[in-house]
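Residue numbers (the working numbering): 103 to 401.
Structure first, then comments.
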């Protein structure tokens, strides 16, 4: 028996996909009540799932989207629309790009429709203090109202912060933390929560690898730390992990390895903000945990 909720989410997804093939930038104007329904249902699903996800391959892993909605549609055209493929997105859905609302609504709608096949981690922009400044607040205020921005903030405060694929590949938005000695610490992070200015959760969404230094260093972002190849190698060995996959930094080819290929940065938004000539990439993890990359050239 199909319930009304299923029909409603199917209609919302259909509406969001109706601009496929249109000129990039064409808006999808969901009603406020449709968006409130997405936020409410996504909140309940996210809070019921763990803060440290345990996932299985095969899965496609994607980095920052930043409101580049038509590029998000290209991801699904290349990689298969859910549930054809399993997906893990590593945060930074909103800000900077022009269509954060469509972007986050489609991602949350797929989360509602396919809760066991489609996963979303939290990035540093899924934080009210950041997206108040970098575009999402203004987009919500211009197109709807501030109350809707607050409804999205409530959802962001429930997002998981890391995922382990088949006990071997650890994924998060930013990077490691000097406080992190066991994955159990991530599993114990309580939600809902804002992202604090310091500490484990802050580092998971803000930290960066630094090929030019050892140990922990000051991060030029003014938040969190940088970590060297030595820190990375020690952490992987102690945790019996093979690879860290993260996003957070624009890289020219859409993906870039670090530290004896023990860490990979995957960044999705091609031609980021119209200012970079970068490609975007999706990391495909197959059943044997072989990683390959699909590249989307800047359009």
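Ideal Cβ positions, reconstructed from N, Cα and C, are used throughout, including at glycine.
Inset, instruction - Given a cut-off of 9 Å, decide if residue 199 and residue 349 are closer than it, judged by their beta-carbon atoms. - result: no
Legend entry - Rounded separation between residue 287 and residue 264 - CA only: 11 Å
Inset, instruction - Flag this pair as yes or no: are the beta carbons of residue 195 and residue 227 separated by less than 9 Å? - result: yes
Legend entry - Beta-bridge pairing of residue 325 - partner residues as DSSP gives them: Paired residues: none, contrary to the question.
Legend entry - Exposure label - residue 231; buried when at least 16 CB within 10 Å: exposed
Inset, instruction - Below 8 Å on the Cβ atoms is my guess for residue 114 versus residue 140; work out the distance and round it to an integer in Å. - result: Right, their Cβ atoms sit about 7 Å apart.
Legend entry - Inter-residue spacing [alpha-carbon to alpha-carbon] between residue 380 and residue 367: Each residue's CA atom was taken as its position, placing residue 380 and residue 367 some 13 Å apart.
Legend entry - Three-way DSSP call (helix, strand, coil) for residue 103 in this model: Because the pLDDT at residue 103 is just 46, under 50, the model does not fix this residue reliably, and the value given afterwards should be weighed accordingly. Coil, per DSSP.
Inset, instruction - Please report the residue range of the beta strand (DSSP E) in which residue 387 lies. - result: 382-387
Inset, instruction - Look at the alpha carbon of residue 118 and the alpha carbon of residue 135, and state the distance between them as a whole number of angstroms. - result: Their Cα atoms are separated by approximately 15 Å.
Inset, instruction - Output the boundary residues of the alpha helix (DSSP H) element that contains residue 415. - result: Only positions 103 to 401 of the chain appear in this structure, which leaves residue 415 out of reach.
Legend entry - Within 9 Å, strictly: CB atoms of residue 164 and residue 395: no
Inset, instruction - May I ask you to verify whether the stretch 351-367 touches the stretch 232-245, counting CB pairs closer than 8 Å and requiring at least 3? - result: no
Inset, instruction - Could you tell me the distance, in whole angstroms, from the CA atom of residue 186 to the CA atom of residue 162? - result: 11 Å
Inset, instruction - Taking all protein chains shown into account, decide if residue 248 is buried (16 or more other Cβ within 10 angstroms of its Cβ) or exposed. - result: exposed
Inset, instruction - Would you tell me roughly how many angstroms separate the C-alpha atoms of residue 128 and residue 121, rounded to the nearest one? - result: Here the alpha carbons of residue 121 and residue 128 stand approximately 7 Å from one another.
Legend entry - Residue(s) in a DSSP beta bridge with residue 311: According to DSSP, residue pairing for residue 311 in a beta bridge involves 329.
Inset, instruction - State the Cα-Cα distance for the pair residue 326 and residue 389, rounded to the nearest angstrom. - result: 34 Å
Inset, instruction - Can you grab the Cα-Cα spacing for the pair residue 314 / residue 191, in whole Å? - result: 28 Å
Inset, instruction - Note down the Cα distance separating residue 132 from residue 398, rounded to an integer number of angstroms. - result: 28 Å
Inset, instruction - Could you check if residue 284 is buried or exposed, using at least 16 other CB atoms within 10 Å of its CB as the buried criterion? - result: When all chains shown are included, residue 284 counts as exposed.
Legend entry - Member of 179, 175, 297, 182 whose CA lies at the smallest distance from the CA of residue 205: Here the closest residue by C-alpha is 175.
Legend entry - residue 344 beta carbon less than 9 Å from that of residue 271: In this structure, the beta-carbon distance from residue 271 to residue 344 falls below 9 Å.
Legend entry - Same chain, Cβ closer than 6 Å to residue 338, neighbours up to 5 away in sequence not counted: 364
Legend entry - 9 Å Cβ cutoff, residue 237 in contact with chain C: Structure shown: chain C not included; a single protein chain is present.
Inset, instruction - Compare the beta carbon distance of residue 335 and residue 362 with 9 Å and say whether it is the shorter of the two. - result: yes
Inset, instruction - Note the first and the last residue of the continuous beta strand (DSSP E) segment covering residue 264. - result: 264-267
Legend entry - Sequence-distant residues of the same chain with beta carbon closer than 8 Å to residue 224, five excluded per side: 193, 258, 261, 262, 263, 275, 297, 307
Inset, instruction - Answer with buried or exposed for residue 328, where buried requires no fewer than 16 other C-beta atoms within 10 angstroms of its C-beta. - result: Flag for residue 328 reads buried.
Inset, instruction - Return helix, strand or coil for residue 212, following the three-state DSSP convention. - result: helix
Legend entry - Backbone CA spacing between residue 382 and residue 400 [nearest angstrom]: 7 Å
Inset, instruction - List the endpoints of the continuous beta strand (DSSP E) containing residue 285. - result: Counting along the chain, residue 285 falls outside any beta strand (DSSP E), though it belongs to the alpha helix (DSSP H) covering 285-289.
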